[in-house]
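In what follows, a single structure is set out as structure tokens and then discussed.
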Amino acid sequence: MVIKPNFFNKNTLLVAKKLLGKYLVRRLGKKEIALMITEVEAYDGHKDKASHASRGKTKRNYPMFGPAGHFYVYLTYGMHWMLNIVTGEKDYPAAILIRGVGNLNGPGKLTKFLKIDKRFNGKKAEKKTGLWFEDRGIKIKERDIKKAPRIGVLYAGPIWSKKHYRFLLKNIKNP
DNA sequence: TAAGTGATCTCT
DNA sequence: GAGATCACTTAA
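Under my numbering, the first residue of the first sequence carries the number 3, and numbering increases by one thereafter.
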């Protein structure tokens with residue numbers, strides 16, 4: 003079943019954990035590619051120094067301030083698109099970075115494989131968009147979730163870079 | 001381990 | 001307008 007926007011309209015850390023084991027589905031032409039989400043990172047609120055939203059709303063990060071269930075896509079290092087899903091209330095800047103799906107590890111590889119770019123920025127996660135989330139009934143237990151510090155955010159200082167806002171599945175099961 | 005790559009942010 | 005920075009990948 004397709005996941006609705008209100009699924010994302012909750013505490014970001016909670017949603018991040020619940021997103022593990024769900025499916026990211028992409029329609030390319032007539033084909034649908036469904037990949038299980040195995041790794042995510044949370045960026046929660048303007049106080050989070052590692053978040054793009056920590057310095058207020060800008061032309062780039064405005065989708066983070068929008069309603070939950072929309073995508074935030076941006077380019078980094080001149081060549082890699084990052085895919086995020088916005089969470090929380092409108093005007094509360096928060097999003098979850100999808101770092102790994104299926105057998106792909108790394109946010110840059112993911113977007114390259116699924117042909118995701120800025121066209122999805124600010125779009126709603128639904129079938130019409132061509133990129134959405136599905137719940138296929140896989141249950142993830144708390145002990146299967148590993149918590150770890152986020153990647154590439156050392157610039158945010160010791161407090162925010164050490165927070166365990168990264169969640170990944172320990173045993174990747176093949177459905 | 002280092003280089004590639006370019007939009008965006010933060011100063012002038 | 002210029003310069004620094006960056007939620008990464010790949011090939012050695």
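C-beta: ideal position from N, C-alpha, C; glycine also.
- Here Ile39 carries a strand assignment [DSSP, helix/strand/coil].
- Between Leu26 and Leu16, the C-beta gap is not smaller than 7 angstroms, which leaves the two residues out of contact.
- Between the alpha carbons of Phe10 and Asn107 lies a gap of roughly 23 angstroms.
- Lys24 and Pro160 have their C-alpha atoms some 31 angstroms from each other.
- In the DSSP annotation of this structure, the continuous segment of the alpha helix (DSSP H) that includes Leu21 starts and ends at 14-21.
- Annotation: the continuous alpha helix (DSSP H) that includes Lys111 extends over 109-115.
- If you draw a 10 Å sphere on the C-beta of Leu85, you find 16 or more other C-beta atoms in it, and that means buried.
- Selection Gly102, Lys125, Asn123, Met3 evaluated against Phe115 yields Gly102 as nearest (Cα-Cα).
- Within the same chain, Cβ atoms closer than 8 angstroms to the Cβ of Asn173 are found at Asp146, the five residues on either side in sequence being excluded.
- By the Cβ neighbour-count rule, Arg62 is exposed, with fewer than 16 other Cβ atoms within 10 Å of its own.
- Asp46 counts as buried, since at least 16 other C-beta atoms from the protein chains shown sit within 10 angstroms of its C-beta.
- Here Thr89 is near Thr14, since their CB atoms are less than 7 angstroms apart.
- Straight-line measurement puts the Cα of Lys148 at about 5 angstroms from the Cα of Leu170.
- Around Pro151, the same chain offers Ser163, Lys164, Lys165, His166, Tyr167, Arg168 as residues with beta carbons nearer than 8 angstroms, after the five sequence neighbours per side are excluded.
- A straight-line Cα-Cα distance of about 12 angstroms links Gly124 and Ala97.
- In this structure, the CA atom of Asp137 is about 10 angstroms from the CA atom of Lys20.
- Checking the DSSP bridge columns, you'll see Tyr45 partnered with Ala97.
- In this structure, Ala127 keeps its C-beta atom at 7 angstroms or more from the C-beta atom of Gly68.
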